[in-house]
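Visitor:
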Amino acid sequence: MGEALSRAGCFQGISSSILYLADLGVPSGNLADLSLYNEFRSWKDDPTMDRSCPFLDKIYREDIFPCLTFSKSELASAVLEAVENNTLSIEPVGLQPIRFVKASAVECGAPKKCALTGQSKSCKHRIKLGDSSNYYYISPFCRYRITSVCNFFTYIRYIQQGLVKQQDVDQMFWEVMQLRKEMSLAKLGYFKEEL
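According to my numbering, the sequence shown is numbered sequentially starting from -6.
1. Looking at Ile83: is its Cβ nearer than 8 Å to the Cβ of Arg173?
2. What are the start and end residues of the beta strand (DSSP E) that includes Glu84?
3. Taking 8 Å as the threshold (C-beta atoms), are Lys114 and Ser132 in contact?
4. Where does Ala108 fall in DSSP's three states?
5. Taking C-alpha atoms, which residue in Tyr148, Gly155, Leu156 and Ile139 lies nearest to Ala71?
6. Return the CA-CA distance between Tyr130 and Ala108, expressed in angstroms with no decimal places.
7. For Tyr183, does the three-state DSSP call read helix, strand or coil?
8. Is it buried or exposed, Ser141, if we count other Cβ atoms within 10 angstroms and call 16 or more buried?
9. Which residue wins for smallest C-alpha separation from Lys106, given the options Gly182, Lys65 and Val76?
10. Nearest to Val162 by alpha carbon, out of Lys117, Phe33 and Phe58?
11. Span of the alpha helix (DSSP H) holding Asn78?
12. Name the residue from Gly87, Cys60 and Asn31 whose alpha carbon lies nearest to the alpha carbon of Lys180.
13. Taking the straight line between their C-alpha atoms, what separation do you get for Ser125 and Tyr183?
14. Taking C-alpha atoms, which residue in Cys135, Gly123, Tyr128 and Asp39 lies nearest to Gln112?
15. Secondary structure at Ser125, three-state DSSP: helix, strand or coil?
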């Protein structure tokens, strides 16, 4: 507790792999993992969606896989693939536009049973994977987990495509950390009731 703060912004005696947020212009007393920050900077220099790159590999292991692990593992794998390919659709139950509903559409689960967990829950949304005509009812808990991962992928795709121009690399890093926080909260079961 009484350790002095070094010029680099780290506590003396604590590993140099910890970075003070204030060093990056983030007004907070929180600390960041310098190795992850450096992995992000390397990834940012040559952004790829290849999950084997060190930056994404860590996020897959720590956030994405745990967030998209459900008891119905085959469907969970299909959800991950659709998220990665940007082909997953989520829509409210009962508000589907008629022009998109096909006569051959198959609905899996029910408004009272989540297709990903098998639990009896009120399902206010359903998902569609790619070009499949199947719809799967999902609980608010599963929806929040899926959307938090989708939000992460959307942002890193924007970076990869060069669409994030107004932010410097530090701001981008902290946005990624905020999106990781959302995935962490989602996998722990914290979500907004109105979902």
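Here a beta-carbon is modelled for each residue, glycine too, at the ideal position from N, C-alpha and C.
Guide: Checking against the coordinates, here is how it stands:
1. For this step, residue 83 is matched to residue 90 along the sequence shown. For this step, residue 173 is matched to residue 180 along the sequence shown. The answer is no: Cβ separation not under 8 Å.
2. Taking the first residue of the sequence shown as position 1, residue 84 is located at position 91. Run containing Glu84: Leu81 to Pro85, per the beta strand (DSSP E) assignment.
3. Residue 132 sits at position 139 when you count from the first residue of the sequence shown. Residue 114 sits at position 121 when you count from the first residue of the sequence shown. Taking 8 Å as the Cβ cut-off, Ser132 and Lys114 qualify as a contacting pair.
4. Looking up residue 108 in the sequence shown gives position 115. It is coil, neither helix nor strand.
5. For the purposes of this step, residue 71 is taken as the residue at position 78 of the sequence shown. The option with the nearest alpha carbon to Ala71 is Ile139.
6. Taking the first residue of the sequence shown as 1, we reach residue 130 at position 137. Taking the first residue of the sequence shown as 1, we reach residue 108 at position 115. Straight-line measurement puts the Cα of Ala108 at about 6 Å from the Cα of Tyr130.
7. Position 190 of the sequence shown holds residue 183. In the structure shown, Tyr183 falls within a coil segment according to DSSP collapsed to helix, strand and coil.
8. Your numbering for residue 141 matches position 148 in the sequence shown. By the neighbour-count rule (16 or more Cβ atoms within 10 Å), Ser141 is buried.
9. As a working mapping, residue 106 is identified with position 113 in the sequence shown. Ranking Gly182, Lys65 and Val76 by Cα distance to Lys106 puts Lys65 first.
10. As a first step, residue 162 must be located in the sequence shown, where it is residue number 169. Nearest option by C-alpha distance: Phe33.
11. Position 85 of the sequence shown, counted from the first residue, corresponds to residue 78. Asn78 -> no alpha helix (DSSP H), and no H or E assigned at all.
12. Taking the first residue of the sequence shown as 1, we reach residue 180 at position 187. The option with the nearest alpha carbon to Lys180 is Cys60.
13. Residue mapping note: residue 125 aligns to position 132 of the sequence shown, counting from 1. Residue mapping note: residue 183 aligns to position 190 of the sequence shown, counting from 1. For Ser125 and Tyr183, the distance between alpha carbons rounds to 30 Å.
14. Start at 1 with the first residue of the sequence shown, and residue 112 comes out as number 119. Residue Cys135 is the option with its Cα nearest to Gln112.
15. Looking up residue 125 in the sequence shown gives position 132. It is coil, neither helix nor strand.
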